[in-house]
Amino acid sequence: MLYSSKLITRFINLVEKSLSRLFTKLIRVFTLLFHVFLLSACGPQIGKRAPQGEWLTVVSGDSISKYAEEYKVPLVDIIEINGLRDPSRILVGQKLFIPYFNRSVSYPDSLPTTVRSKAPSPSYHTFPGFRALKGAPLEAVQGMTWPLKLSLKSRIGLSSPFGPRKGKAHKGLDIKAPIGTHIRAALDGDVIRSEMSHGGYGWVIYIRHAGGLETRYAHNSKNLVKEGGIVRAGDIIAKVGNTGRSSGPHLHFELRINGAAVDPLLFLPAQ
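Structure below.
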């Protein structure tokens, strides 16, 4: 009987020691987890913090490419962070958030949802010319001017934008204008073609520029420069017409980067 009592006592002591060790380990585990929780809650929220930058108000003459060059930010980052479904359509007075990473700045009070989540809209990666924009030579395209100055008084204005049109890709801007209106070179460059096209362009001019850029001017009534000529931005190169496959007097204006058509409105100054 005495032996049994001692055995029971030893068993109880063993159980108490085991439970004590287990309890101590559990306390340590919970303490560690609690510290991890505090660190994650109080530490910097990498990946969740709003990007650095500043708000700008678009003024006449601005363009997304101008902001990209000035702030040394990739063009596509500005498009993505502002959730621009149609990045060529920036308007005078519109506010844009310009991100940059080399300056010490304060965070804005409010940001678009796309800035907080960094989740681009579905159309972002699919708008025409996206891949070409990733390597856009911003320095080469700075100073780009309108081939026709938009004016209600002179009945000059955009009639068809860049992008999908009737199930096909419209690779340029259509700018309606009276026949004979002067067309001007958008950038300095070399005239590489000046001819009557058999592919629908009618009388057309191709100009090659620095940085792999090329502009095209189509449906002209008359070309005023010849292949091999050198032009400066603003030089008169042709007259508006209705030649080729055309629904009325207008200029079809294209911008290409390394052969890929992109929306000229991304680079032309706002009007």
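The sequence shown begins at -6 in the working numbering and counts up one residue at a time. From the three backbone atoms N, C-alpha and C, an ideal C-beta is built for every residue, glycine too.
Per-residue DSSP class, three states only, for Arg249: strand
Contacting residues, own chain, Cβ-Cβ under 8 angstroms from Tyr60 (five flanking each side not counted): Leu49, Val66, Ile71, Leu89 and Ile91
Val218 to Gly46 span [Cα, whole Å]: 45 angstroms
Backbone CA spacing between Gly241 and Asn235 [nearest angstrom]: 6 angstroms
Buried versus exposed, by CB contacts within 10 Å (16 or more), Glu207: buried
Proximal residues to Ser214 (C-beta, below 6 angstroms), its chain only, five neighbours per side dropped: Ile172, Lys232 and Gly234
C-alpha gap between Ile57 and Ile229, whole angstroms: 26 angstroms
Boundaries (first-last residue) of the alpha helix (DSSP H) holding Lys59: Ile57 to Tyr64
Spatially closest choice to Ile223 from Ser187, Ala263, Ser152 and His175, by CA coordinates: Ser187
Range of the contiguous alpha helix (DSSP H) that encloses Glu73: Leu68 to Ile74
Sub-9 angstroms separation of Pro257 and Ser53 beta-carbons: no
Simplified DSSP assignment, three categories, for Val197: strand
Under 9 angstroms between C-beta atoms of Gly140 and Arg201: Going by the sequence as given, residue 140 is Pro instead of Gly. No, the pair does not count as a contact, with Cβ atoms beyond the cut-off.
Tyr210 beta carbon less than 9 angstroms from that of His243: no
Local Cβ density within 10 Å of Arg158, reported as buried at 16 or more and exposed below that: exposed
Cβ-based burial, Gly195 [other Cβ within 10 Å; buried from 16]: buried
When Arg238, Gln135, Ala253 and Val51 are compared against Ala179, the one with the closest alpha-carbon: Gln135
Rounded C-alpha distance that separates Ser153 from Gly165: 9 angstroms
Nearest residue (CA-CA) to Ser265, options Leu68, Ala170 and Val255: Examination of residue 265 is not possible in this model, given that the chain is present from -6 through 264 alone.
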